[in-house]
Each structure stands twice: as C-alpha cells, then as structure tokens.
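Sequential numbering from 259 applies to the sequence shown in this note's numbering. Note that beta-carbon positions come from the ideal geometry of N, C-alpha and C, so glycine has one too. Just below is one structure, and these are the notes that go with it.
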Amino acid sequence: MTCDAFRSLASAYVDGELTGDDRSAFEAHVRGCEACRLRLTEEQAVVAALAGAVPLYEASSALRQRVDALLKPRPARRPWLFALAATLLVATATSLAVRRPGPAAAPPASRFAALAADTHLRYARGQLPLEIASDRPEAISRWFGGRVPFQLQLPDYPVGPGREKPYRLEGGRLVSFRDDYAAYVAYRMGEQPISLLVTSASAATPAGGSTVTSGALTFHLESVAGLKVITWSDNGLTYALASDVAVEGARSCVVCHGSEEERRKLERFPGRPGA
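Below, the structure is given as structure tokens:
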C-alpha cells in the first residue's frame, strides 16, 4: 500500500468501515510508515474530540419511521436482466473478436469494466479470498447490508422438480472503488468462475465497447484482458458481469433468473451439453 492509498482509506479506517485484506494492508503500512502513523494518530484525535464535543440527540419517532421506510428491502426487480446479460456475453463472443477496429487503436476499457476484469482474474488465480462463503443469495445480500453504500438483493434461480441450477453461488467480498466499496459476487459453473461486480449508478456509468439495447436498457460489451465484460445500469445500480472467453456456449448463462420458458430457450443454444 502506498501513502496515497493510505490517505484515501484513512477515514474509512477511523470510522471502522475498513475490513478484510484492505484493513490488514492498511495497518501493515501504518506500522512501517512513521509519517502515515502520525497522520492517523492526528485524525483519530480529531474524530475523538468531535465525538466528545457534539451533543447526541435521539431521533424522533417520525424520523425513525421515515428512515425505516427508506431502508426497507425492496423486491428484486427485472430478474431476467441477469439471464439477458449473460446471454449477451455468449452471443457477442464471436462478434467482439470479428469486429476489430480500423487503424485507430481501440478505446480503453471503462474503469468499472477494467476493475471487474482485474477482480475476476485475481479471484480465478486464488489471489482474492472471499469474505463471506455461502450459496444462499439472501445470506450474501444480508452480509453486504451496511458494508456498501447501496442496497443489493441477489435474486435466486428457480428450478423445477428434478432439475439443478446451472451455476453455483460461492460467496462475496468488498472491493475498493472510487474511495468506497463495490460488491463482488463469485459464481462458478463447473470449473469456470463467473464474476459479478456491483456499485451504485452514481459511482459508475457504463461506457465504451459495443452496445446492445433492450427496451430502455443499454448493455456495453467489452473485451478486457482476454475476458468478456458486459456492463449496464438499472434501478440505481451499475453491474459488470465478467467471464472467460473460453466458457462454451450458453454455459456462460451463470445467473439466469428468467422464467421457465426463457431457461428452456437458453438450453437450446448451440454449445450446451445435451442441447
């Protein structure tokens, strides 16, 4: 960790919001850097002084009701988006390889797409441990509550009797993004990892790459570090879905949450075993 990184994370550390590897790296840097150690001591002293000087007031019942209403979990919206996004990863794999730019160099990947690709690669190499391991979407959604500056509800994949989910939810962790945290969710189909990175729409705006429009939504498809990455925004959140280009056919549809009819259509895609 550099001194610049220390400065961007100092407030989060003082507030007790820094966790996992980020906290360990932060504390290791402070132990070895006298200047940053002094700066941290001063910031902690200021926070303590302010906490002692500012009187605490109890919120009124009316205010509590308004806050409770704002924080009440909302039902998952547009569950088919995950299926559509994953399907686009498959359907555009060839076109991304064929539609090469002209003499001009391709524009750089968006910052959020680049982070999604980097996070995916680090996790695939075993360099990025999960902070919560679970195959239950509600458990992972609950873990992210209060840890990220937005509300995340992961949908579940409904399956019929005698059928199995085509993917396995593995867990999640926090990833630093723009002086705050994004939510990283890891999936796996067979031996192939699939990554979903989520942040608030105010923190990241999908841009660049090829675009595909579906209704009011625009999906941005990019090839980043040998991966397929698709980004889109919906209902106040921005998503990035990353997978290895080598994942065959519709097996990339890791987080399909569409209707029974939509899933039957996906299973008929070429390249899926048993199609």
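- Taking the Cα of A286 as reference, the smallest distance to any Cα among S501, C261, V305 and T377 is reached at C261.
- Scanning its chain for C-beta atoms nearer than 8 Å, with the 5 sequence neighbours on each side dropped, one finds around C291 the residues C261 and F264, in chain order.
- In the structure shown, Y439 adopts extended strand secondary structure according to DSSP, grouped into three states.
- Looking at the DSSP output, Y497 bridges to V456 and W490.
- Going by beta carbons, V406 and A440 fall inside the 9 Å limit.
- In this structure, the alpha-carbon of R394 lies about 11 Å from that of Q411.
- V482 counts as buried, since at least 16 other C-beta atoms from the protein chains shown sit within 10 angstroms of its C-beta.
- DSSP, read as helix, strand or coil, puts S472 in strand.
- For G278, the three-state secondary structure derived from DSSP is helix.
- For T277, same chain residues with a beta-carbon under 8 Å away, outside a window of 5 residues either side, are E389, R405 and L432 in chain order.
- In the DSSP annotation of this structure, the continuous segment of the alpha helix (DSSP H) that includes D376 starts and ends at R369 to A382.
- Assignment of beta-bridge partners to M447 by DSSP yields Q450.
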